[in-house]
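2 protein chains.
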Amino acid sequence: MTNDENNLLVSNKNGMTHHMKAPHDEHSPSDERKLIASTPKPPYYAVVFSSLRTGEDEAGYGQMATRMQELAAEQPGYLGIEPARGDDGLGITVSYWQDLQSIRAWRQHSEHQLAQQLGKSRWYAAYTLRIARVEAEVSTDE
Amino acid sequence: MTNDENNLLVSNKNGMTHHMKAPHDEHSPSDERKLIASTPKPPYYAVVFSSLRTGEDEAGYGQMATRMQELAAEQPGYLGIEPARGDDGLGITVSYWQDLQSIRAWRQHSEHQLAQQLGKSRWYAAYTLRIARVEAEVSTDE
Chain R
1 MTNDENNLLV SNKNGMTHHM KAPHDEHSPS DERKLIASTP KPPYYAVVFS
51 SLRTGEDEAG YGQMATRMQE LAAEQPGYLG IEPARGDDGL GITVSYWQDL
101 QSIRAWRQHS EHQLAQQLGK SRWYAAYTLR IARVEAEVST DE
Chain L
1 MTNDENNLLV SNKNGMTHHM KAPHDEHSPS DERKLIASTP KPPYYAVVFS
51 SLRTGEDEAG YGQMATRMQE LAAEQPGYLG IEPARGDDGL GITVSYWQDL
101 QSIRAWRQHS EHQLAQQLGK SRWYAAYTLR IARVEAEVST DE
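In the order they appear, the protein sequences are chains R and L. When the letters of the first sequence are read in order and numbered with my numbering, they come out as residues 1 to 142. When the letters of the second sequence are read in order and numbered with my numbering, they come out as residues 1 to 142.
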C-alpha cells in the first residue's frame, strides 16, 4: 500500500472534503467487499427501495428476488445493487443506474412488471421507492 | 468552532423550511410502518451509507449507533432515517435531509465526528457513503 492510499483526501463539487484513513484491506476479504457496489464517479442514479414484507409466500418471494437481481444486472445502464433486510423486518435495496432512462426501461421490463404486481398484491405490506441522483461518493475503496 | 462552522450553522438555521407531511397514522396502525421514513415531497436529499463491520466491539458499536440516530433526529433539516443490516453482513443506512447544508452541518457535528473516527478505525471493514438528491418518490402510503 502506498502513502497516498494511506492518507486519502477526497473532495467533491459540493465542497465537502474528507480526510480518510487507510482502508482495512487486511480485514476485508474480497468476496465480502463485493457486497458494496463498486460504482463509477458521480453523477449516476440510485433507486432506494424500502419495504416491509407481509410474510406471505416467503419461498416465492425469495426466488423472485434472486431472479430480479440477476435480470437487473443484464440491463443497459445497470451499475450495481445492494440488498439488506434487518431483523426488525425493514428491507432496503439500493440499485445503481447510469441515468433515468435506464431506470425507466428496467421498471417497464415485462418480467419486472409482473414481479412488481406480485410485490404489491402479495409480498409487500408497505414500501417506498425513491429515485435519487448521486452527487458525491466517499469510499474506503478509493 | 471556526467561523466557517458558525456561519454554516447559522445560515442553516435561517434557511430551514419544513414541508412535513402529516403522519400516516390513520393508514398504518402498526408501529412497523414507521420503520419506513415519512419524507416530504421531493426534492430532498438522501445519504446512503453502505458498510461492512469488522465484528470488533459490537457493544460499543450498538450504543454509538443508537446515540447517533437520536442525535441526528435533533439536527436541523433531518427528515428521517432507515437502517437495515442483513445476515450477510451488508448494512445500509439511509438518512434523509432537507438540503446539502444540513447534511454538511451534521457531518461536522463534534460528537458525530468522534463516531466517524471510531467507525473508520474500529467498527467498519469497508464502507461507501453516497449523497444523492431525491427527485421522485412512490409509496404505498400515497
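We put the beta carbon where it would ideally sit given N, CA and C, even for glycine.
Under 7 Å by beta carbon: chain R residues contacting Glu-135(L): Contact annotation for Glu-135(L) against chain R: Ile-131, Ala-132, Arg-133 [CB-CB distance below 7 Å, chain order].
Under the rule that 16 or more other beta-carbon atoms within 10 Å means buried, what is Leu-90(R), buried or exposed? Classification for Leu-90(R): buried.
From this set, Phe-49(R), Glu-135(R), Glu-74(R), which residue's C-alpha is nearest Lys-120(R)'s C-alpha? Cα-wise, what sits closest to Lys-120(R) is Phe-49(R).
Is any beta-carbon of chain L found at less than 7 Å from that of Val-47(R)? Taking 7 Å as the CB threshold, Val-47(R) stays off the interface with chain L.
To the nearest angstrom, report how far apart Arg-67(L) and Glu-111(R) are at their CA atoms. Distance between the alpha carbons of Arg-67(L) and Glu-111(R): 43 Å.
Considering only C-alpha positions, which residue in the set Ala-136(L), Val-47(L), Pro-43(L) is nearest to Leu-81(L)? Per the sequence shown, residue 81(L) should be read as Ile rather than Leu. Here the closest residue by C-alpha is Val-47(L).
Within a Cβ cutoff of 6 Å, which residues of the same chain sit near Leu-146(R), ignoring the five residues on either side of it in sequence? No statement about residue 146(R) is possible, as the shown extent of chain R runs from 1 to 142 and does not include it.
What ranges does the alpha helix (DSSP H) occupy inside the segment 96-139 of chain L, keeping only unbroken runs of at least 4 residues that lie completely in it? As far as the segment 96-139 of chain L is concerned, its whole alpha helix (DSSP H) runs of at least 4 residues are 100-108, 110-118.
So, Tyr-127(R) versus Thr-140(L), is the Cβ gap smaller than 7 Å? Yes, these two residues count as a Cβ contact at 7 Å.
Listing by chain order, which chain R residues have their CB less than 9 Å from the CB of Gly-143(L)? This structure gives no information on residue 143(L), because the portion of chain L shown stretches from 1 to 142.
Suppose the cutoff is 8 Å on Cβ atoms and the five residues either side in sequence are ignored; what does the same chain contact list for Asp-99(R) look like? Hits under 8 Å: Tyr-44, Tyr-45, Gly-77.
Mind checking the segment 81-108 of chain L against chain R and listing, in chain order, the residues whose C-beta falls within less than 9 Å of any C-beta there? Within the segment 81-108 of chain L, the residues whose Cβ lies closer than 9 Å to some Cβ of chain R are Glu-82, Pro-83, Ala-84, Arg-85, Gly-86, Asp-87, Asp-88, Gly-89, Leu-90, Gly-91, Ile-92, Thr-93, Val-94, Tyr-96, Leu-100, Ile-103, Arg-104, Arg-107, listed in chain order.
Please name the residue in Val-138(L), Asp-31(L), Arg-122(L), Lys-34(L) whose C-alpha comes closest to that of Met-64(L). Restricting attention to Val-138(L), Asp-31(L), Arg-122(L), Lys-34(L), the CA atom closest to the CA of Met-64(L) is found in Arg-122(L).
Quick one: is Ala-132(L) buried, meaning 16 or more other Cβ sit within 10 Å of its Cβ, or exposed? By the neighbour-count rule (16 or more Cβ atoms within 10 Å), Ala-132(L) is buried.
Comparing the C-beta of Leu-114(R) with each C-beta of chain L, is any distance below 7 Å? No, because no Cβ of chain L sits closer than 7 Å to the Cβ of Leu-114(R).
For a contact meaning CB atoms closer than 8 Å, what does Leu-52(L) contact in chain R? Here the neighbours are Ser-28, Glu-32, Arg-33, Leu-35, Ile-36.
Could you give the DSSP three-state label for Thr-93(R): helix, strand or coil? Thr-93(R) falls in the strand class under three-state DSSP.
Considering Cα atoms alone, identify which of Val-134(R), Gly-60(R), Ala-84(R), Ala-105(R) is closest to Ser-51(L). Proximity to Ser-51(L) across Val-134(R), Gly-60(R), Ala-84(R), Ala-105(R) peaks at Ala-84(R), based on C-alpha coordinates.
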